[in-house]
Amino acid sequence: MKFGTRILHTGNEIEQTTGAVSIPVFHASTFKQNKVDEFGPYEYARSGNPTRDALEAIIAKLEGGAGGFAFSSGMAAISSVLLLFSPGDHIVVCEDVYGGTYRVLTGLFNRLGMEVTFVDFTDPAKIKAALRRNTKAVYAETPSNPLLKITDLRAVSAIAKENGLLSMVDNTFLTPYLQRPIELGIDIVIHSATKYLGGHSDLLAGLVVAADKQTAGRINYIQSSFGAVLGPQDCWLLMRGIKTLKARMDMHQNGARKLAEWLSQCPEVKEVYFPGLPDHPGKKIHDSQADGPGGIVSFRMQSEEMTKRLLENVKLSALAVSLGAVESIISYPVTMSHAGMHPDHRARTGVTGELIRLSVGLEDPGDLIEDLAAAISK
Amino acid sequence: MKGWCIWILQKSKSLGTADKLSFLKTSTKAVQLGVGQDPTGALSIPIYQTATFCHPCFGESTGYDYSRSGNPTRRILETGIARLDGGAGGFAYASGMAALTNLLLLFKQGDHLIVTEDLYGGTFRLLDKIFSQYGLAATFVDTSDSELVALAIKDETKAILLETPTNPLLKVADIGKISAMAREKGLLTIVDNTFMTPYLQRPLSMGADLVVYSATKFLAGHNDVVAGLIVAKSEELAERIYFLQNSVGAVLGPQDSWLVIRGMKTLGVRLDRQTENAQTIAGWLAGHKAVRRVFYPGLETHPGHLLLKEQARGFGAVVSFELLDKSAAEQILNKVKLISFAESLGGVETLITFPAYQTHADIDPLERERLGINDRLLRLSVGIEDVDDLLADLEQALIGEEVYV
């Protein structure tokens, strides 16, 4: 079955008791038991809810994993996965990781005794060099946020397997439609489902998929104990969003490619970051592990002043945090998505005042180009 | 664009206005949640089902950027619960356990907590299985005895976490006395106020620093939402909690925030009725031959009766009772018709729970037995049905048991 069919026919799209073709929103916090020694499939909604179950089964199936888990935000998903580790454990993380992930690692999990090293994941040798005796996991984002750097996921998985580590990938930018890390040997896939999976800027959600049953069991325990679960209404909205994932992604990519090509011709633009461009340094690896470049284009203007002028004058793209929505969203990583990062770390990884990140929406690419051209020349 | 920008900015300012309602009674404040807060005049506040917020222009924000950091629907609930409890800041989470986890993240490796021994099984599991591996130690003591709390204080102790009345044995801790002692030693006092709600008990006014709720229970009150809340008394603590809420992101969604707000509007009437029903049922159970003991602080024989009468304005709606034998407990669970056999409590419908097998299954069996959470103990969460119907249901479920006495 092709992906476009699979997202609509996962085996969890129909509610069995009534035949409803949309899974009902089960608002119940608790479930009646019939017999004292014979509990039903559901007891308490934190531990399991039929609406959330349907969503969790769908994402597990799309990613090809043994178990899926839904959380109240992408950060709740990431924090829950990080609770797999103990004090004294060390993890190696890609240096241009999402600012919120950086913040939780350096502002919170460090207090619980967890150690972290940030390295450039485009070079597997650097990942290897960062490993220590107490290293327990490697954590990648590819393409990375906001510079769209590419990590070789097969190489990451091989390093993890050789050294007995868990490999984790934040797959938010591509979704399982374009990249399925578990097929490449990765153990845990994480999503901010707020982005492309939800796709409409109308919900916050996080998803986790574990490749094997044992890891799934451990995450299930954390999800139920910590309780950062996704509410039923948001689960339902997310399932609704996933139904149009392929149709949306196809258009996002098409628009992003046109914008990236146009930006590359602009004299005011110094550099364009998009894995679909022929000269992108990670293109070959990206093409070998993903089915498309995704819908995010980052670019660096010639000066900070030009950058601010563009952001002040752009009309069609909403100036906002977040990405992956039907509406184009333009953002300024240095003060928005990556504000939680230490300034030195930002400077080292190239998240500077000239950088803009554009999440290309479903508007006509011609209109978006016209809008950007007008804002640049103002 | 400009007009829209000004409108949004004015609106966000109006949401942050000083508390004009501080003189009102708790039930009135609860009813008024969100009223007059929306610029359209909508009496029921809108569900802001949005992930992100457009910036009116570069370098300016409406006060809302991203829903994890702040959402207008969630904020009505957060400022509302802070107002009801008399705190500087309120925070809403995806579940009661998510709220507790956020609280525990205030502490670091090597810190020590003193915790009520017969507390909710989920909190026990979190401390015993998850936070213990991060080097956060806990001593579980009978907090109904303030002396025992004092004796458990060590150099590394950072906080006292109280559940009062406790779950499921309804033991009562002296919030004023313990928090005074805690303040003297520089410790935080945290109270899980789930069983009472601010309508019946306001721990911050008695000296506690933080209050935590499973809002799934009495606050929301309809068994239709899973949610947690925290209220911090001081600005400083509120800021630290906000950092954790935003970083970890275990926030409550807008639809669920709205449902909790909707539930809280009837908090006073629900609790009045529930408490009245609970008192009647507790008295009835106390006189039943198949029942060995009844745990309800509204009964004068309950050891915490006088203390709770002093520190709360009602005894709540949870009644636990111990039967003479296990078979009687099982018979009730299998035979109740009107009352649902289900985990959870605090809703309008009456629920009955088997703590040893449900809410407290994670506690070691020997420890459970020592605490009195045995296989003869049942917990009733009394709803707002007519009490005669509830008594009739319990009576028919107990029929046949008296012959063994």
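Going line by line, the protein sequences match chains A and B. If you want my numbering, it's the 1-based position in the first sequence plus 1230. If you want my numbering, it's the 1-based position in the second sequence plus 53. Glycine included, each C-beta is placed from N, C-alpha and C at the ideal position.
Can you check whether the CB of residue j is closer than 8 Å to the CB of residue i?
i	j	result
N387 (chain B)	V1334 (chain A)	no
L1438 (chain A)	F1299 (chain A)	At residue 1438 (chain A) the sequence reads Val, which differs from the Leu that was named. Closer than 8 Å, so yes.
P92 (chain B)	T126 (chain B)	no
Y295 (chain B)	G142 (chain B)	yes
A1440 (chain A)	D1417 (chain A)	yes
G1337 (chain A)	A1569 (chain A)	no
V347 (chain B)	F374 (chain B)	yes
L324 (chain B)	Y252 (chain B)	yes
I1321 (chain A)	V1368 (chain A)	yes
H461 (chain B)	E209 (chain B)	Nothing can be reported for residue 461 (chain B): it is not among the residues displayed for chain B, which extend from 54 to 458.
R293 (chain B)	D138 (chain B)	no
V1544 (chain A)	A1486 (chain A)	no
Y119 (chain B)	S1252 (chain A)	no
L1342 (chain A)	Y410 (chain B)	no
T1579 (chain A)	D1326 (chain A)	yes
D245 (chain B)	L215 (chain B)	yes
With a cut-off of 8 Å, does the C-beta of residue i fall near any C-beta of chain A?
i	result
K318 (chain B)	no
N427 (chain B)	no
N387 (chain B)	yes
D309 (chain B)	yes
E170 (chain B)	no
V435 (chain B)	no
K64 (chain B)	Residue placement at K64 (chain B) cannot be trusted, given a pLDDT of 48 that sits under 50; the coordinates are not used to answer.
A147 (chain B)	yes
Q102 (chain B)	yes
L377 (chain B)	no
G56 (chain B)	Note that G56 (chain B) scores a pLDDT of 43, beneath 50, so its modelled location is shaky; the value from the coordinates is reported in the next line. For G56 (chain B), the answer is no, since every Cβ of chain A falls outside 8 Å of its Cβ.
A395 (chain B)	yes
L68 (chain B)	Only weak support exists for where L68 (chain B) lies, its pLDDT of 46 falling under 50; the coordinates are left without a value.
For a contact defined as C-beta to C-beta under 9 Å, what are the partners of residue i on chain A?
i	result
K182 (chain B)	Y1451, S1455
K161 (chain B)	R1341, L1342, G1343
A303 (chain B)	F1301, S1302, S1303, M1305, A1306, S1309, S1310, F1456, G1457, A1458, V1459
G143 (chain B)	Within 9 Å Cβ-Cβ: nothing; G143 (chain B) doesn't reach chain A, min ~17 Å.
What residue range does the alpha helix (DSSP H) around residue i cover?
i	result
G1330 (chain A)	1329-1334
F1611 (chain A)	In the structure as shown, chain A begins at 1231 and stops at 1608. Residue 1611 (chain A) is therefore absent and cannot be evaluated.
T333 (chain B)	320-339
S380 (chain B)	379-388
R346 (chain B)	No alpha helix (DSSP H) contains R346 (chain B), which is instead part of the beta strand (DSSP E) from 344-348.
Under 7 Å between beta-carbons, which chain A residues line up against residue i? List them in chain order, please.
i	result
T269 (chain B)	S1259
M150 (chain B)	R1276, S1455, F1456, G1457
R121 (chain B)	S1303, M1305, L1434
R178 (chain B)	S1455
Write down the C-beta distance between residue i and residue j rounded to the nearest angstrom, noting that I regard them as a contact closer than 8 Å.
i	j	result
L404 (chain B)	I392 (chain B)	7 Å
Q1483 (chain A)	D309 (chain B)	Q1483 (chain A) to D309 (chain B), Cβ: 34 Å. No contact.
M150 (chain B)	L179 (chain B)	7 Å
G1304 (chain A)	T1424 (chain A)	6 Å
L1396 (chain A)	K1366 (chain A)	7 Å
F1348 (chain A)	P1373 (chain A)	That belief does not hold up - the Cβ atoms of F1348 (chain A) and P1373 (chain A) are roughly 17 Å apart, past 8 Å.
T269 (chain B)	S434 (chain B)	Actually they are not in contact, since the Cβ atoms of T269 (chain B) and S434 (chain B) sit about 11 Å apart, beyond 8 Å.
N1242 (chain A)	A1287 (chain A)	5 Å
L444 (chain B)	P408 (chain B)	Not quite, the Cβ-Cβ distance comes to about 22 Å (not below 8 Å), so this is no contact.
Just to confirm, does residue i get its C-beta within under 7 Å of one of the non-hydrogen atoms of the ligand ADP?
i	result
D1601 (chain A)	Absent from the structure shown: the ligand ADP. Ligands present: none.
Determine the chain B residues that contact residue i at a beta-carbon separation under 7 Å, and present them in chain order.
i	result
V1551 (chain A)	T105, D118, Y119
K1265 (chain A)	N387
Who are the neighbours of residue i on chain A, taking C-beta pairs under 8 Å?
i	result
N276 (chain B)	A1258, S1259, T1260
A205 (chain B)	Within chain A, no residue comes near A205 (chain B); the closest Cβ sits about 23 Å away, beyond 8 Å.
L130 (chain B)	The premise fails here: L130 (chain B) is roughly 13 Å from chain A at the closest Cβ pair, so nothing lies under 8 Å.
Just curious, the beta strand (DSSP E) that residue i is in, first and last residue?
i	result
L430 (chain B)	430-434
I1587 (chain A)	The question names Ile, but residue 1587 (chain A) is Arg in the sequence shown. Per DSSP, R1587 (chain A) belongs to the beta strand (DSSP E) from 1585-1589.
E216 (chain B)	210-216
C1324 (chain A)	1320-1324
H1421 (chain A)	1418-1422
Output yes if chain B places a C-beta closer than 8 Å to the C-beta of residue i; else output no.
i	result
P1573 (chain A)	no
E1542 (chain A)	yes
V1399 (chain A)	no
Q1463 (chain A)	yes
A1284 (chain A)	no
List, in order along the chain, the chain B residues whose C-beta lies closer than 8 Å to that of residue i?
i	result
G1298 (chain A)	None at all; the shortest Cβ gap to chain B is about 17 Å.
P1317 (chain A)	Q162, Q186, Y187, G188
Starting from residue i, find everything on chain B with Cβ-Cβ shorter than 9 Å and list it in chain order.
i	result
K1514 (chain A)	None at all; the shortest Cβ gap to chain B is about 34 Å.
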